[in-house]
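Asks: Just so you know, we're using our numbering here: the sequence shown kicks off at 17 and counts up by one.
Before I ask anything, let me first share the structure, which is written out below as structure tokens.
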Amino acid sequence: MNIKHLLLFVPLLFSSCIVSKKVTNANPIEMVLKSKNPKIKVVMDNAREHELQIIYTQINRDSNGKISFKEYQYHVDSKNYFYPASTVKLPIALLAVEKLNSMNLTSDSIHFGFDKKGSSLHFQKEISKLFALSDNDASNNLLEFIGFDYLNSKMKNKGLMPFSVNHRLSTKNSNDKTTSTIYLYKNDNIIAELPSVKGKNVKTLHLNSIKKGIGYLENDSIVKGAFDFSNKNYYPLETLHSTLKRLLFPQEFKMKERFNLNEHDRQFILSSMYQLPREQGFDAKEFYDSYCKFFIFGDTTDTINTSIKIYNKIGQAYGTLTDCAYIIDEKNGVEFMVTATLLVNKNKIFNDGIYEYDEIGIPFLAELGRQLYTISNSK
Numbered sequence: 017m018n019i020k021h022l023l024l025f026v027p028l029l030f031s032s033c034i035v036s037k038k039v040t041n042a043n044p045i046e047m048v049l050k051s052k053n054p055k056i057k058v059v060m061d062n063a064r065e066h067e068l069q070i071i072y073t074q075i076n077r078d079s080n081g082k083i084s085f086k087e088y089q090y091h092v093d094s095k096n097y098f099y100p101a102s103t104v105k106l107p108i109a110l111l112a113v114e115k116l117n118s119m120n121l122t123s124d125s126i127h128f129g130f131d132k133k134g135s136s137l138h139f140q141k142e143i144s145k146l147f148a149l150s151d152n153d154a155s156n157n158l159l160e161f162i163g164f165d166y167l168n169s170k171m172k173n174k175g176l177m178p179f180s181v182n183h184r185l186s187t188k189n190s191n192d193k194t195t196s197t198i199y200l201y202k203n204d205n206i207i208a209e210l211p212s213v214k215g216k217n218v219k220t221l222h223l224n225s226i227k228k229g230i231g232y233l234e235n236d237s238i239v240k241g242a243f244d245f246s247n248k249n250y251y252p253l254e255t256l257h258s259t260l261k262r263l264l265f266p267q268e269f270k271m272k273e274r275f276n277l278n279e280h281d282r283q284f285i286l287s288s289m290y291q292l293p294r295e296q297g298f299d300a301k302e303f304y305d306s307y308c309k310f311f312i313f314g315d316t317t318d319t320i321n322t323s324i325k326i327y328n329k330i331g332q333a334y335g336t337l338t339d340c341a342y343i344i345d346e347k348n349g350v351e352f353m354v355t356a357t358l359l360v361n362k363n364k365i366f367n368d369g370i371y372e373y374d375e376i377g378i379p380f381l382a383e384l385g386r387q388l389y390t391i392s393n394s395k
């Protein structure tokens with residue numbers, strides 16, 4: 017992840033918001049996007065280029081605690097492709113724990129490894145790294161445990177479609193569908209051996225904007241022509257948003273649509289999502305508080321000290337930034353969900369590492385989060 021601009025974080029966190037607190041029937045997203053705030057305006061002045069999609073869900077609770085949702089969208093279309101990057105780690109983590117639970121095992125007591133020599137990984141540690149640091153190796157390790165077919169079929173069975181994971185992330189064997197043999201350990205003893213599994217080929221994607229840009233970097237040279245994403249992972253915004261909603265509010269869904277998690281493991285996943293890196297034992301100097309928090313805090317590297325909790329999963333690759341979040345401030349009675357994605361690739365060259373993440377993308381998402389917080393605080 018690139019180092020973000022260091023901005024002063026002050027108690028007047030939301031002073032930049034210009035959204036009126038008067039409640040209206042207008043689409044709150046469109047209200048925010050009309051803002052004259054430069055962090056919003058720089059994207060909206062060239063909105064088509066940024067391929068912006070947003071979902072905002074207001075969460076209301078009556079006197080009996082019954083939940084109701086009111087959802088708003090901006091340019092959301094599953095047929096308009098964006099690269100999901102690390103957001104696919106969310107279902108990988110959920111289904112790894114679901115698979116463990118189906119074996120009558122829990123994430124806090126089981127280790128796993130790729131040989132019989134006793135070198136093993138702890139499930140909960142890998143999940144912590146996956147959320148707090150968006151660690152690619154942790155995600156790939158968990159994917160080895162569940163396999164491609166298990167992941168894709170389980171998402172389909174829960175009605176979380178369209179969706180397809182076709183490759184690992186940032187590793188040499190990313191396109192290899194064959195998983196490693198997995199050994200499960202408890203108290204240093206092998207309790208199960210899961211054989212290697214070869215996954216099925218996923219259908220080539222045929223979507224709008226599946227080919228992007230005017231060139232791409234390959235073997236240190238620029239190749240002219242659009243970059244083809246047709247064999248990449250696919251996780252459109254509504255599917256992503258609904259995945260998080262099912263984790264947060266399982267009681268609002270049919271049994272077959274839920275993730276089959278015991279409550280202990282479910283609560284561990286939720287705590288891993290909102291806790292900051294330092295709160296999970298990672299180096300605060302290297303992994304600052306907003307390292308994986310784009311909304312509200314993304315444009316500062318200062319310490320976060322607030323009553324706001326953000327349960328989220330980000331994605332950042334190929335010039336695409338995505339964040340899927342549940343934001344709650346019990347002290348001030350604020351509760352909402354927001355999922356957004358945008359492209360920041362001014363030179364239209366892919367895979368060259370030259371993207372406007374810090375200059376445009378992350379500041380936009382941070383300000384979007386702040387203004388939606390203000391709107392949610394006024395409803």
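Note that CB positions come from ideal geometry on N, CA and C, so glycine has one too.
Decide if isoleucine 198 is buried, meaning its Cβ has at least 16 other Cβ atoms within 10 Å, or exposed.
Replies: Buried, because 16 or more other Cβ atoms sit within 10 Å of the Cβ of isoleucine 198.
Asks: Kindly confirm or deny that the segment 175-182 and the segment 199-213 touch, where touching means at least three C-beta pairs closer than 8 Å.
Replies: Taking 8 Å as the limit for Cβ pairs, the verdict is that the segment 199-213 does not touch the segment 175-182.
Asks: What are the boundary residues of the alpha helix (DSSP H) that includes histidine 183?
Replies: Looking at the DSSP string, histidine 183 is not in any alpha helix (DSSP H), and its letter there is neither H nor E.
Asks: Would you call the CB atoms of threonine 338 and threonine 316 closer than 8 Å?
Replies: No, Cβ-Cβ distance for threonine 338 and threonine 316 is not below 8 Å.
Asks: Considering only residues of the same chain and omitting the five flanking positions on each side of isoleucine 108, which have a CB-CB separation below 8 Å?
Replies: Excluding sequence neighbours, isoleucine 108 sits near Leu146, Ser155, Leu158, Leu159, Ile162, Leu167 and Val181.
Asks: Identify, in the order they occur along the chain, each residue of the same chain with its Cβ nearer than 8 Å to the Cβ of aspartate 78, setting aside the five sequence neighbours on each side.
Replies: Answer for aspartate 78: Ser84, listed in chain order.
Asks: Output the distance between the C-alpha atoms of arginine 274 and serine 123, rounded to the nearest integer angstrom.
Replies: About 18 Å.
Asks: Just to confirm the assignment, what range does the alpha helix (DSSP H) spanning serine 169 have?
Replies: Unbroken alpha helix (DSSP H) run through serine 169: 164-173.
Asks: Under a three-way DSSP split, which group does lysine 240 fall into?
Replies: DSSP places lysine 240 in strand when its eight states are reduced to three.
Asks: For lysine 82, is the classification buried or exposed, using 16 other Cβ atoms within 10 angstroms of its Cβ as the cut-off for buried?
Replies: Flag for lysine 82 reads exposed.
Asks: Check whether the Cβ of asparagine 276 sits closer than 7 Å to any heavy atom of the ligand ATP, and report yes or no.
Replies: Because no ligand of any kind appears in the structure shown, any question about the ligand ATP cannot be addressed here.
Asks: When the cut-off is 8 Å and only beta carbons count, does asparagine 361 lie next to chain B?
Replies: Looking at the structure shown, chain B is missing, and only one protein chain is on hand.
Asks: Which residue wins for smallest C-alpha separation from phenylalanine 130, given the options Asn217, Tyr201 and Pro252?
Replies: The candidate whose alpha carbon is nearest that of phenylalanine 130 is Tyr201.
Asks: Give the straight-line distance between the Cα atoms of serine 288 and glutamine 296, rounded to the nearest whole angstrom.
Replies: For serine 288 and glutamine 296, the distance between alpha carbons rounds to 8 Å.
Asks: Once DSSP output is grouped into helix, strand and coil, what is the label at aspartate 281?
Replies: Helix.
Asks: For the segment 183-193 against the segment 343-352, do three or more pairs of beta-carbon atoms, one drawn from each stretch, fall closer than 8 Å, so that the two count as touching?
Replies: No, the segment 183-193 does not touch the segment 343-352.
Asks: At which residue ranges does the segment 51-109 contain complete alpha helix (DSSP H) runs of 4 or more residues, listed in the order of the chain?
Replies: Runs found: 54-60 and 63-66.
Asks: Tell me the residue span of the beta strand (DSSP E) that contains tyrosine 327.
Replies: Counting along the chain, the beta strand (DSSP E) containing tyrosine 327 begins and ends at 325-333.
Asks: Locate the alpha helix (DSSP H) running through threonine 390, then write down its first and last residues.
Replies: Per DSSP, threonine 390 belongs to the alpha helix (DSSP H) from 378-394.
Asks: Taking DSSP as the reference, what is the three-state secondary structure of histidine 222?
Replies: Here histidine 222 sits in coil by DSSP.
Asks: Measuring only the C-alpha atoms, how far is proline 379 from proline 266?
Replies: Cα to Cα, proline 379 sits roughly 32 Å from proline 266.
Asks: Beta-carbon within less than 6 Å of glycine 331's beta-carbon, same chain only, minus the 5 sequence neighbours each way: which residues are those?
Replies: Once the five neighbours on either side are set aside, the close Cβ partners of glycine 331 are Pro100, Ala101, Ser102, Thr103 and Thr338.
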